[in-house]
Amino acid sequence: MSVINKTALAGLAAVSLAGTAHAAPDPWADVPKAQRPAPGTPNLSGVWAMPARVRALKTLDGKAPPLLPAARAEYAKRQAALKADPKTDPSSNCWMQGVPRLVYAPYPVLIAQEKDRVNLVYETNHTFRIIGLKQPLPKEGPDLDPLWLGYSSGHWDGKTLVIDTIGLNDKTWLDYSGLPHGEKLKVQERYTLKTPDRIEGVVTITDPDTFSRPWSTAFTLVKKPGYELKESVCVRDHRM
Amino acid sequence: MRRSPAIGAIWAVTAVAGLAAAGAATAQNPAARPAAQSSGAQNPESRDSLGAGADRQLARRKSWEPTPPPSDPRDFTGIWEVPSPKIDLKNDQGKDPPFTPDEAKSTQRMIDAEKAGNVITDASTQCFPHGVPRLTFAPYPIRFVHAPGKILMLHEVAHNVRIVYLNRKAPPKDTPMSFLGYSTGRWEGDTLVVETTHLNGETRLDMHTSHGPRLKVTERFTKQKTPQGFTDLVDMITVDDPDHFTQPFTVNRHFAYRGDLEAETGAAGVTEYSCEENNRNVPDAAGVVTTEVKAASR
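The listed protein sequences correspond, in order, to chains C and P. Note that the working numbering has the first sequence beginning at 443, numbered continuously upward. Note that the working numbering has the second sequence beginning at 683, numbered continuously upward.
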């Protein structure tokens, strides 16, 4: 079908179906023009979730991450402690879970894409990350105050959204199994829209104090059409 | 599934089990405005609106708005912040809302307790979401995001998130009560009208005044030029709760555009604020507040 035919058909549809839902509405119709992502940008907008729970991160070829000896000992210690008492998990304090662990949280994430930013709103304890696509990462060094979610900068590498994160504090775990990291951690997330309702992701972890080499792990996000984020609140020792 | 595996941590999804009946207890816990959330105690500049004069205010607005926000009147994209924090419910003429007799007493009790030096706690001082419109009064940046079918308000303070659904006339039938409720939005000309209901009764409207589950908050957001040529986002907030007020009343807030924060690296101008880490005021069993409050990073 030619472009002209498509346009004509669309026009006809608009006339004959006036007042009813259009077959393919413009997803950006109610977003101000100046804020819409450039034409051709993959549309990651919507609510997504992992199809299966990921507890322990594995390398792309399914192996254990290349822990250095001291980190391996720490990991073993944590796993033993966790088995004895689940609240040794730092997330028991309701602290932010850090990156990349938050990405693997078993709750949905709302991705709100803008021309200059990508906003990731996690249902997990109403935590959000605002990823600037124009701002570079801040300068690394001792002046950079380590944060739970670090400092991020994003860009599009062809059809893949790439997010680089530095400046993460070492109070978080990399995953639910207790995989450790230090403050030299750098995380790169890559989000590729494989089909309109499936994102294939890769996380690359670089931390010379913890791992013998950079390594990568994969994840999948599946779209949850129509899902609305719930208010999720984690509060410790409250009294009302 | 949605409960934390940890003992001692409470996960609440859309409602906090066990809290509903405890709502009245808040009024008995005289309480604290944590420094980081108070009306300017942490932010010396916020006090100059009354004292230091128009020149300083003008200079600050200039530094906050180095470039104007998007010209489209229906494009609220960007970061907004109240330039002169005011966490109370007085209207522009300084008049109190039309309290019911009970609410007038309850509010006065809280004011007196605070004046007597007691530390006041509420939901927000314990890291629960602030409630609406209490959240709107917080003197921290808010990033507005337009997304398909919704508008997001990403609040720096305690990472509160509000989602305004544009494609619904009313909340879904089985909507649960929650701290920030359910918000639907529609455009009336260049004004975004946001109606919020399903607000649980666990939050306060400001630091002193309570509300119940019948609360309905209608906000009317409009971009407006100031006489000096800066851009405000004006929020006309109408509060309707027949259990606490004899009639609906309206208070206004003006947010200033913070274009200066757009240049910040790391989180696009909204600094990480982890209430859960160390920024809490929680009373102990005797109602005494023991948790130290650490200043927020901004």
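Using N, Cα and C, we set each Cβ at its ideal position, and we do this for glycine too.
(1) So, Asp-917(P) versus Glu-901(P), is the Cβ gap smaller than 8 Å?
(2) Do the segment 881–894 of chain P and the segment 769–778 of chain P touch if we need at least three Cβ pairs shorter than 8 Å?
(3) Can you tell me whether Arg-886(P) is buried or exposed? The criterion is at least 16 other CB atoms within 10 Å of its CB, across all chains shown.
(4) Within this structure, are the beta carbons of Lys-557(C) and Gln-630(C) separated by less than 8 Å?
(5) In chain order, which continuous runs of the alpha helix (DSSP H) of length 4 or greater are located wholly inside the segment 464–536 of chain C?
(6) Just how far apart, CA to CA, sit Leu-397(C) and Gly-583(C)?
(7) Do you know how far the Cα of Val-473(C) is from the Cα of His-828(P)?
(8) Buried or exposed: Pro-726(P), going by 16 or more other Cβ atoms within 10 Å of its Cβ?
(9) Would Pro-542(C) and Ala-491(C) be called neighbours here (beta carbons separated by less than 8 Å)?
(10) So, is the C-beta of His-623(C) closer than 8 Å to a C-beta in chain P?
(11) For Gly-592(C), which residues of its own chain have a beta-carbon under 7 Å away from its beta-carbon, when the five flanking residues on both sides are left out?
(12) Give, in chain order, every residue of the segment 583–616 of chain C whose Cβ lies closer than 8 Å to some Cβ of chain P.
(13) Can you grab the Cα-Cα spacing for the pair Thr-501(C) / Phe-912(P), in whole Å?
(14) Using 8 Å as the limit for Cβ to Cβ distance, is Glu-954(P) near chain C?
(15) Asp-872(P) lies in the beta strand (DSSP E); which residues open and close that run?
(16) Where are the beta strand (DSSP E) runs, 3 residues long or more, that stay fully inside the segment 848–904 of chain P, in chain order?
(17) Should Ser-721(P) go down as buried or exposed, given a rule of 16 or more other Cβ atoms within 10 Å for buried?
(18) Would you please state the rounded distance, in angstroms, between the beta carbons of Leu-874(P) and Val-563(C)? I believe it to be under 8 Å.
(19) So what does Ile-761(P) bridge to, in DSSP terms?
(20) What residues in its chain sit with their C-beta under 6 Å from that of Gln-555(C), if we drop five residues either side in the sequence?
(21) In this structure, does DSSP put Leu-610(C) in helix, strand or coil?
(22) Strictly below 7 Å CB to CB, what residues from chain P border Ala-526(C)?
(23) Could you round the C-beta distance between Gly-941(P) and Pro-751(P) to whole angstroms and report it? I think they count as a contact, below 8 Å.
(24) So the candidates are Thr-659(C), Lys-581(C) and Gly-574(C); which of them puts its Cα closest to the Cα of Ala-506(C)?
(25) Going by other Cβ atoms of all chains shown within 10 Å of its Cβ, with 16 needed for buried, is Asp-877(P) buried or exposed?
(26) Measure from the alpha carbon of Ala-736(P) to the alpha carbon of each residue in Thr-749(P), Ser-766(P), Phe-758(P) and Thr-759(P), then state which is nearest.
(27) Run through chain P and tell me which residues come within less than 7 Å of Phe-570(C), C-beta to C-beta.
(28) Give the secondary structure of Gln-906(P) by DSSP, where H, G and I count as helix, E and B as strand, and everything else as coil.
(29) Would DSSP call Gln-739(P) helix, strand or coil?
(30) What does DSSP give as the partner residues of Gly-596(C) in its beta bridges?
(31) So the candidates are Pro-924(P), Met-792(P), Val-764(P) and Asn-934(P); which of them puts its Cα closest to the Cα of Arg-825(P)?
(32) Note down, in chain order, each residue of its chain lying with its Cβ closer than 8 Å to the Cβ of Gly-831(P), except the 5 sequence neighbours on either side.
(33) Using 10 angstroms around the beta-carbon of Ala-526(C), count the other beta-carbons present and answer buried if the total reaches 16, otherwise exposed.
(34) Between which residues of its own chain and Phe-927(P) is the CB-CB distance below 8 Å, once the five residues before and five after are set aside?
(35) Would you check if the distance between the CB atom of Thr-602(C) and the CB atom of Lys-628(C) is smaller than 8 Å?
(36) Going along chain P, which residues have a C-beta under 7 Å from Asp-472(C)?
This is what the structure holds:
(1) yes
(2) yes
(3) buried
(4) no
(5) 511–526
(6) There is simply no residue 397(C) to check, as chain C begins at 443 and stops at 682 in what is shown.
(7) 6 Å
(8) Here the model assigns Pro-726(P) a pLDDT of 38, short of 50, so the residue's position is not dependable, and the following value carries that caveat. The residue in question, Pro-726(P), is exposed, as its Cβ has fewer than 16 Cβ neighbours within 10 Å.
(9) no
(10) False, the Cβ-Cβ gap to chain P never drops below 8 Å.
(11) Val-541, Thr-607, Ile-608, Gly-609 and Leu-610
(12) Asp-587, Leu-589, Trp-590, Leu-591, Gly-592, Tyr-593, Ser-594, Ser-595 and Gly-609
(13) Their Cα atoms are separated by approximately 52 Å.
(14) yes
(15) Premise fails: Asp-872(P) is in no beta strand (DSSP E) and is neither H nor E.
(16) 864–870 and 873–879
(17) Reliability of the predicted coordinates at Ser-721(P) is poor, the pLDDT of 34 falling under 50, and the value obtained from them is presented with this limitation in mind. Classification for Ser-721(P): buried.
(18) Not a contact, Cβ separation roughly 19 Å.
(19) Paired residues: Arg-825(P).
(20) Pro-479, Leu-486 and Ser-487
(21) strand
(22) Within chain P, no C-beta atom comes less than 7 Å from the C-beta of Ala-526(C); the nearest is roughly 13 Å away.
(23) In this structure, Gly-941(P) and Pro-751(P) form a Cβ contact; the two beta carbons are roughly 7 Å apart against a cut-off of 8 Å.
(24) Of Thr-659(C), Lys-581(C) and Gly-574(C), the residue nearest in Cα terms is Thr-659(C).
(25) Residue identity differs from the one stated: residue 877(P) is Glu in this sequence, not Asp. Buried: at least 16 other Cβ atoms inside 10 Å.
(26) Ser-766(P)
(27) Going along chain P in sequence order, the residues near Phe-570(C) (Cβ under 7 Å) are Leu-836, His-841 and Val-843.
(28) Strand, per DSSP.
(29) Assignment of Gln-739(P) by DSSP, reduced to helix, strand and coil, places it in the helix class.
(30) Ile-605(C)
(31) Closest by alpha carbon: Val-764(P).
(32) Tyr-847, Leu-848 and Asn-849
(33) exposed
(34) Take Phe-927(P), set aside five residues on each side of it, and the residues of its chain with a beta-carbon closer than 8 Å to its own are Pro-779, Pro-780, Phe-781, Thr-782, Glu-785 and Val-921, in chain order.
(35) no
(36) Residues of chain P passing the Cβ test: Pro-830, Gly-831 and Leu-848.
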